[in-house]
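Read through the structure below, which is laid out as structure tokens, and then see the notes.
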């Protein structure tokens with residue numbers, strides 16, 4: 011090797027020595043993204059290493075949807091509220107040793123703190139670059155979790171990580187779509203096992219999932235079935251400290267007298283896809299017509315449908331306008347004030363997109379008696395006559411002709427079904443009147459409601475239940491996967507088989523590697539990272555430098571030998587990581603396969 015090459019190589023190895031590449035404050039793309047090298051190493055050093063570790067892999071980190079709404083007027087969906095609450099609860103009440111998550115950059119940590127996570131909770135998150143193996147031993151126990159129903163995503167990850175004994179868990183939310191059934195069919199080919207879990211938040215939701223699976227099974231051979239277990243666990247809520255001054259504060263803001271009860275509806279405002287509030291206003295009008303006093307607050311996200319003007323007009327037409335306040339897009343502080351200051355919670359749900367009733371559980375956590383439809387998950391929470399009242403709900407006969415399918419027609423039919431589902435207005439009005447007139451009954455039911463949530467739905471209880479079920483799954487997985495083999499019920503779509511014919515050729519494992527003039531120039535000035543991309547947090551910059559130095563020292567080394575040397579080096583990496591790093595050097599002209607003008611390629615035509 012020429013003297014100037016050796017000098018460059020020596021400079022390169024000094025620059026990328028044991029102290030690492032530059033430091034954690036180096037920025038890419040004009041300072042918009044921080045390199046995640048040193049933080050990753052520091053976090054991993056905090057993981058206990060002398061005992062069998064329990065780790066939870068969280069597929070995605072979600073922000074606080076209430077904060078996002080304030081920032082960009084984004085619609086708040088119940089599933090997003092759950093994702094954020096789940097993350098907070100796992101970090102607050104979970105007993106696992108560590109919580110792995112992709113995308114945990116310093117910037118992301120700052121965002122999570124701004125969203126409301128405590129700093130001590132953030133420290134429990136350990137970053138895992140996308141595509142990298144988990145830093146765990148064979149004896150460690152790992153559970154893979156996703157906040158939605160997409161178990162197939164984690165099944166694919168499990169195959170890539172070759173952690174076949176790692177159980178997978180996911181959660182259902184709204185399930186009134188044909189794509190849910192199609193997703194369950196897809197998951198029959200995803201390599202799931204009986205150690206995997208699909209958490210169902212209500213008995214009604216679980217029954218619907220079972221119906222979907224039953225219908226799918228009719229179309230499959232007997233040996234092929236949906237293997238994941240279904241487990242009934244309610245969505246968790248925090249049990250708050252109620253502001254004792256809230257009632258007076260809320261009454262002042264609403265200009266409501268002390269003797270007048272306040273009923274609260276809280277939920278996304280949508281007549282077609284959430285809840286038709288017309289029957290509630292009819293019930294209120296009937297109650298007022300009997301000489302009773304009740305003020306109704308209707309609050310919720312209205313960024314999507316702009317329902318507030320229609321609701322105000324409806325209240326005016328029904329003669330209850332003076333006793334109704336429409337409160338669109340309440341802030342988190344508003345929400346706390348409303349739950350703390352109200353006397354009764356009411357929700358006449360009529361839509362099959364509702365599966366659980368998160369706002370019902372939230373209201374009960376504040377000690378509010380709940381007057382709600384006798385509807386799916388609502389009836390799991392509200393015990394009629396004990397912590398609230400259930401109001402009969404009646405489907406029309408036409409439901410027998412409707413079919414679930416992914417089409418505009420089907421969506422319109424579902425909307426029409428909700429609009430023709432009757433809530434017994436007379437009983438709704440009567441139950442609201444009972445609670446309006448009887449303060450003692452309100453307090454008794456409110457106390458029972460809060461006690462029920464504390465015992466069954468508080469995040470502390472729910473997270474403990476998750477961990478109990480994960481332990482069962484780990485035991486099942488150890489028995490089922492004792493041979494540590496991949497599932498044979500896996501739809502395995504090879505990218506090479508599916509798309510290998512797109513390119514001219516595939517680089518051979520025997521292809522020789524030579525440094526280019528640009529590569530030598532980069533070794534003289536190794537702080538230029540123009541060839542990095544968003545995935546560069548996976549094989550961090552030092553690996554690029556080490557690989558380029560190796561090629562400079564050993565010209566003509568084959569791709570296979572180069573990858574092998576990095577698998578067994580002082581800082582070993584995965585096969586995919588080594589191939590990706592080398593391919594990136596080829597892509598930007600720092601390395602070539604040419605010597606004397608020859609290229610070593612495997613023609614796609616000869617595959």
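Numbering (the working numbering), first residue to last: 11 to 617. We put the CB at the ideal spot given by N, CA and C, even for glycine.
Helix, strand or coil at residue i [DSSP, three-state]
i           : result
residue 26  : Legend: pLDDT at residue 26 = 39, less than 50; position of this residue unreliable, no value from coordinates given.
residue 591 : helix
residue 563 : helix
residue 440 : helix
residue 154 : strand
residue 602 : strand
residue 173 : coil
residue 134 : coil
residue 421 : helix
residue 687 : Shown here, the chain extends from 11 to 617; a query on residue 687 therefore has no answer.
residue 202 : coil
residue 332 : helix
residue 526 : coil
residue 597 : helix
residue 67  : strand
residue 209 : strand
residue 185 : coil
residue 271 : strand
residue 510 : coil
residue 179 : strand
residue 535 : coil
residue 88  : helix
residue 101 : helix
Nearest-angstrom Cα separation, counted from residue j out to residue i
i           : j           : result
residue 4   : residue 598 : Residue 4 lies beyond the range of the chain shown here (11 to 617); nothing can be said about it.
residue 190 : residue 224 : 13 Å
residue 407 : residue 425 : 15 Å
residue 516 : residue 509 : 11 Å
residue 378 : residue 454 : 10 Å
residue 302 : residue 404 : 27 Å
residue 166 : residue 393 : 41 Å
residue 518 : residue 556 : 22 Å
residue 441 : residue 315 : 30 Å
residue 423 : residue 169 : 40 Å
residue 265 : residue 311 : 23 Å
residue 601 : residue 171 : 29 Å
residue 526 : residue 513 : 24 Å
residue 466 : residue 369 : 15 Å
residue 570 : residue 313 : 56 Å
residue 326 : residue 120 : 47 Å
residue 355 : residue 434 : 17 Å
residue 568 : residue 592 : 11 Å
residue 475 : residue 391 : 17 Å
residue 291 : residue 177 : 48 Å
residue 415 : residue 222 : 12 Å
residue 143 : residue 164 : 14 Å
residue 239 : residue 204 : 6 Å
residue 345 : residue 75  : 13 Å
residue 252 : residue 183 : 28 Å
residue 77  : residue 353 : 27 Å
residue 343 : residue 349 : 10 Å
residue 58  : residue 478 : In this prediction, residue 58 has a pLDDT of 47, which is less than 50 and means its spatial position is unreliable; what the coordinates show is noted afterwards. Their Cα atoms are separated by approximately 22 Å.
Supposed close pair residue i, residue j - CB separation, criterion 8 Å
i           : j           : result
residue 195 : residue 226 : 5 Å
residue 161 : residue 202 : 6 Å
residue 289 : residue 375 : With a Cβ gap of about 26 Å, residue 289 and residue 375 do not count as contacting.
residue 9   : residue 387 : Beyond the ends of the chain as shown, which are 11 and 617, falls residue 9; an answer cannot be given.
residue 621 : residue 67  : Because the chain is modelled from 11 through 617, residue 621 falls outside the range shown and cannot be assessed.
residue 248 : residue 279 : Their Cβ separation, rounded to whole angstroms, is 24 Å, which puts residue 248 and residue 279 out of contact at 8 Å.
residue 127 : residue 101 : 7 Å
residue 401 : residue 383 : 5 Å
residue 381 : residue 451 : Going by Cβ atoms, the distance from residue 381 to residue 451 rounds to 12 Å, so no, they are not a contact pair.
residue 230 : residue 198 : 7 Å
residue 158 : residue 473 : Not really, about 18 Å apart at Cβ, beyond 8 Å.
Cβ-heavy atom distance, residue i to the ligand MG, below 7 Å
i           : result
residue 251 : With respect to the ligand MG, the structure offers nothing, as it holds no ligand at all.
4-residue-minimum alpha helix (DSSP H) runs that sit fully inside the segment 218 to 266, ordered along the chain: 256 to 264
The segment 356 to 371 contacting the segment 333 to 341, beta-carbon criterion three pairs below 8 Å: no
Is the segment 275 to 283 close to the segment 292 to 312, with three or more CB pairs under 8 Å? yes
Does the segment 131 to 139 come close enough to the segment 201 to 209 that 3 or more CB-CB pairs lie under 8 Å? no
Is the segment 453 to 465 touching the segment 85 to 99 in the sense that three or more CB pairs, one from each, lie closer than 8 Å? no
Please give me, in chain order, every unbroken run of the alpha helix (DSSP H) with length at least 4 that falls completely inside the segment 355 to 383. 368 to 375
Do the segment 243 to 262 and the segment 314 to 334 touch if we need at least three Cβ pairs shorter than 8 Å? no
Below 8 Å, can you find three or more Cβ-Cβ pairs linking the segment 346 to 360 to the segment 231 to 238? no
For a minimum of 3 consecutive residues, which ranges assigned as the beta strand (DSSP E) are wholly contained in the segment 275 to 326? 304 to 310
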